[in-house]
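A.B. asks: The working numbering puts the first residue of the sequence shown at 212, with every later residue one more than the last. Just so you know, even glycine gets a beta-carbon here, dropped at the ideal spot from N, CA and C. Quick caveat: nothing in here was measured; it's all calculated off a predicted structure.
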Amino acid sequence: MNSEGATEDKYDFVVYDVEGVEYFLKQYSRKAQKRMTAEDQNLVDNLLSACELAKQDLKNKKTEEAMQRVQDGMDNIAGSDARIAADLRDGIADYITYTPGDLRKREVALEENIDRRNYRESNNIDYLDGDFQSSIYYYDETFENDNNRMYEWGQTTLVNNRARVYKGGSWRDRAYWTIPGTRRFLDERQATATIGFRCAMDRVGSPVGIGFE
Numbered sequence: 212m213n214s215e216g217a218t219e220d221k222y223d224f225v226v227y228d229v230e231g232v233e234y235f236l237k238q239y240s241r242k243a244q245k246r247m248t249a250e251d252q253n254l255v256d257n258l259l260s261a262c263e264l265a266k267q268d269l270k271n272k273k274t275e276e277a278m279q280r281v282q283d284g285m286d287n288i289a290g291s292d293a294r295i296a297a298d299l300r301d302g303i304a305d306y307i308t309y310t311p312g313d314l315r316k317r318e319v320a321l322e323e324n325i326d327r328r329n330y331r332e333s334n335n336i337d338y339l340d341g342d343f344q345s346s347i348y349y350y351d352e353t354f355e356n357d358n359n360r361m362y363e364w365g366q367t368t369l370v371n372n373r374a375r376v377y378k379g380g381s382w383r384d385r386a387y388w389t390i391p392g393t394r395r396f397l398d399e400r401q402a403t404a405t406i407g408f409r410c411a412m413d414r415v416g417s418p419v420g421i422g423f424e
């Protein structure tokens, strides 16, 4: 949420993996300790202090303030004459997770996931969308030879006691669905804008019919 109470859908600042940055700095300092000058060591110490403060900000849910601390450290590297400045800048850049303009992500709430039919964005469920890469069989070399692979034909079905069949096509459907032999299923608790009174029309002429009073 922003200050106006609206949901922010894009980042307007650089997001870093703070723990990853801290890990990189410690590893770099350990490996290059014998070759670093006092200026180099001071620069690394300042960056590690910024990471510690950023971690505290993240615990207090102050994400923007935490990222600003790391960004200030990157700016200090750019203005530093230390010999390791270029190495530090390139190394920390590898831990950038989002840049300004990237879409924000969040976990889908349980209420939002009830009767959900599209699992391509989050909380992928393989048995509903048939996504082979997210299935437990992805590393099974013999699975490709299984005649019942992917949907386990004959063993599982999406048709249950709540499924309702509907036939025919609407103005949005292809001609295929107007064939009498085709049918589709939908959960009885769901609805679409194209299922309903598709055949409703006005009756013209006498309100009682010809030959009747």
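Once the 5 residues before and after Q195 are set aside, which same chain residues still bring their CB inside 7 Å of it?
C.D. replies: The displayed coordinates of the chain run from 212 to 424. Any statement about residue 195 would go beyond what the structure contains.
A.B. asks: Figure out for me which residue from A404, V419, S381, Y222 has the closest Cα to the Cα of I307.
C.D. replies: Taking the first residue of the sequence shown as 1, we reach residue 307 at position 96. Cα-wise, what sits closest to I307 is Y222.
A.B. asks: Tell me which same chain residues have a C-beta within less than 6 Å of the C-beta of I295, skipping the five on either side of it?
C.D. replies: Numbered from its first residue, the sequence shown carries residue 295 at position 84. Once the five neighbours on either side are set aside, the close Cβ partners of I295 are D251.
A.B. asks: Touching or not, the region 231-246 and the region 296-315, by the rule of three or more beta carbon pairs under 8 Å?
C.D. replies: Yes: the two stretches touch, three or more of their Cβ pairs being nearer than 8 Å.
A.B. asks: Please return the same chain residues whose Cβ sits closer than 8 Å to the Cβ of D283, not counting the five positions on each side in sequence.
C.D. replies: The residue given as residue 283 occupies position 72 in the sequence shown. Closer than 8 Å at the Cβ level, and outside the excluded window around D283, lie A261.
A.B. asks: Which residue comes first and which comes last in the beta strand (DSSP E) that contains I307?
C.D. replies: Here residue 307 refers to the residue found at position 96 of the sequence shown. Segment 307-309, the beta strand (DSSP E) holding I307.
A.B. asks: Is the beta carbon of A198 sitting closer than 7 Å to the one on R280?
C.D. replies: Only positions 212 to 424 of the chain appear in the structure, and residue 198 is not among them; the question remains open.
A.B. asks: Quick one: residues in its chain with C-beta nearer than 6 Å to the C-beta of R202, no 5 flanking neighbours on either side, listed in chain order?
C.D. replies: Shown here, the chain extends from 212 to 424; a query on residue 202 therefore has no answer.
A.B. asks: Roughly how many angstroms lie between the CA atoms of T353 and G231, to the nearest whole one?
C.D. replies: Translated into positions along the sequence shown, residue 353 becomes position 142. Translated into positions along the sequence shown, residue 231 becomes position 20. Each residue's Cα considered, the two are about 38 Å apart.
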